[in-house]
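The structure appears below as structure tokens.
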Amino acid sequence: MASRSSRLMLPLGLAAGAALLAGLYVGLVRAPADAMQGEVQRIMYLHVPTVLVAYLAFFVVLVGSVAYLLTRRERWDILAHASAEIGVLFTVLTIAAGAIWGKPTWGAWWTWDARLTTTAILLLIYIGYLMLRAAVEDQARGARYAAVVGILGFLDIPIIHKSVEWWRTLHQPSSLARGALDPVFYPPLALNLMAFALLYAFLLAQRVELGNLEAEVLRRRLEE
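Last residue of the sequence shown: 223 (numbering that gives the first Met the number 0), numbering continuous.
Next up, the structure:
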């Protein structure tokens, strides 16, 4: 018999897919172009949701890591591991979308701007988190080490957020935080944020279930 989480996979996946199609269509086709940046501004509907969902993913890593260190319950480690993988994916998408936006805006795909550099550091931290887990043979010890990295790595996110205020950067301050975004852009942006959040939830549920299966297989091997 399928588990309750398994039964929820299909509707969650369909909801995520439908929301993504609708959000990207509205953002990339139907929404008006920005008066100053023109059509290239439409990448905002990919760039902003992916970075916010990446932050969400790493916040879940933080929560799961703290909970694992306090309780040593495997389910928290599985949750943190799963969310870290997805957070890395969304950070890569964020950097890629930013590069596409930056080329016509700044004249370069990449620059060692404070915001971009601290984001690249965030990506490297969580890639290191995943590599550490793979490198340590003792899974319990690897989970403890990774939990510490997952907690410390999250400290980079406030630095990323404040980097445009602390240093002179090419990257503009957040239009959302400053309330400088034209109201016409809010509905398509909110729709895409919801779509990518649903995608994250779907991927997380899938990866957690896979993690549970992997843990069960390992337990059975140890019992043999």
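Every residue, glycine too, gets a C-beta built ideally from N, C-alpha and C. Here the structure is a predicted model, which is why all the values come from computation and not from measurement.
Just list the residues that DSSP pairs GLY37 with in beta bridges. ASP33
Quick check on the DSSP output: what are the complete alpha helix (DSSP H) runs of length 4 or more inside the segment 19-107, in order along the chain? 43-70 and 73-105
Specify the secondary structure class of GLU136 as computed by DSSP and reduced to three states. GLU136: coil per DSSP, three-state reduction.
Nearest by alpha-carbon distance to ALA189: which of SER64, THR49 and THR93 is it? THR49
Assuming TRP226 is part of the alpha helix (DSSP H), what are its boundary residues? An answer regarding residue 226 cannot be provided, because it is not within the stretch 0 to 223 covered by the chain.
In this structure, does DSSP put LEU154 in helix, strand or coil? coil
Can you name, in chain order, every residue of its own chain whose Cβ lies under 7 Å from the Cβ of ILE126, other than the five neighbours on each side? VAL87
How big is the Cα-Cα spacing for GLU73 and GLN205? 17 Å
Assuming MET56 and TYR199 form a contact by the criterion Cβ under 8 Å, report the distance between their Cβ atoms to the nearest whole angstrom. Correcting the residue type first, residue 56 is Ala in the shown sequence and not Met. A Cβ-Cβ distance of about 6 Å is found for the pair ALA56 and TYR199, placing them in contact under the 8 Å criterion.
For LEU203, the nearest candidate out of TRP109, TRP75, VAL216 and LEU180 (CA to CA): TRP75
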